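Sequential numbering of the sequence shown, starting at 1, is according to the UniProt record's numbering.
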Amino acid sequence: MSDIVADIQLDAVYIPYGYQTPSFPSLRWPTGPRMETKYYLYYRYDIWRFTLFWTLILYSAVHAVAGLWAALMNRRLKSGLIIAVYLFIGGIEAFISGSIIGAILGLIYSSGSFTMSTWIPFIWAVVQILTIIMISYSMSAVVM
């Protein structure tokens, strides 16, 4: 019984009293000795959600640029369809990869009872985008 009480008390120590999840995007660079809890994520759902949102935003931007480039190079009447297909595929990729990375980040941070800055989901979305760009270059080299 004492183990259960100790676990509950330990969990209460890590999440500040009166904590509210910050609104999206809430990017602020934490400087100075004082930690402002309103710019940190504590719950797995919030970590997953922030990672998913940033991944969707960045994937959509990159796929829109790629679709626009493909439409300009194609010069056909259905160039709007090309952009829509790129955005649709990018949205599916973003949802899958953002959900997986967000769930893993949430599990890692919550298992260690760590706090997560709101910048971490953004950085992981950038890492995913850079990975997609690197993979696309290697695939185009194989095709040619």
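Think of the CB as a built atom: it goes at the ideal place given N, C-alpha and C, for glycine as much as any other residue.
Remember, predicted model here, so these are calculated numbers, not experimental data.
In the structure shown, Tyr-43 adopts coil according to DSSP, grouped into three states.
Inter-segment contact for the stretch 64 to 71 and the stretch 115 to 130 is absent: fewer than three beta-carbon pairs are separated by less than 8 Å. Apart from the 5 residues on each side of it in sequence, Ser-79 sits with its Cβ closer than 7 Å to the Cβ of Ala-71 in its chain, given in chain order. A direct Cα-to-Cα measurement between Phe-122 and Ala-103 gives close to 14 Å. Ser-136 sits in a helix when the DSSP states are folded into three classes. About 11 Å separates the Cβ atoms of Phe-95 and Phe-53, ruling out a contact at the 8 Å cut-off. Assigned with DSSP and collapsed to three states, Ser-113 falls in coil, not helix or strand. Distance from the CA atom of Tyr-59 to the CA atom of Tyr-40, rounded to whole angstroms, is 24 Å. Of Asp-46, Trp-124, Leu-56, the smallest CA-CA separation from Ile-89 is found for Leu-56. Separation of Tyr-109 and Trp-124 (C-alpha to C-alpha, rounded to the nearest whole angstrom) is 14 Å. Only residues of its own chain outside the window of five on either side were considered, and among them Pro-22, Pro-25, Ser-26, Leu-27, Arg-28, Tyr-39, Tyr-40, Leu-41, Phe-50 have a CB closer than 8 Å to the CB of Thr-118, listed in chain order. With contacts defined by Cβ atoms closer than 8 Å, Asn-74 and Ile-83 do not form a contacting pair. Apart from sequence neighbours up to five positions away, the residues of its chain that approach His-63 with a beta-carbon distance below 6 Å are Tyr-86, Leu-87, Gly-90, ordered along the chain. For the pair Ser-111 and Trp-48, the CB atoms are not nearer than the 8 Å cut-off.
The straight-line gap separating the alpha-carbon atoms of Tyr-43 and Gln-20 is approximately 10 Å.
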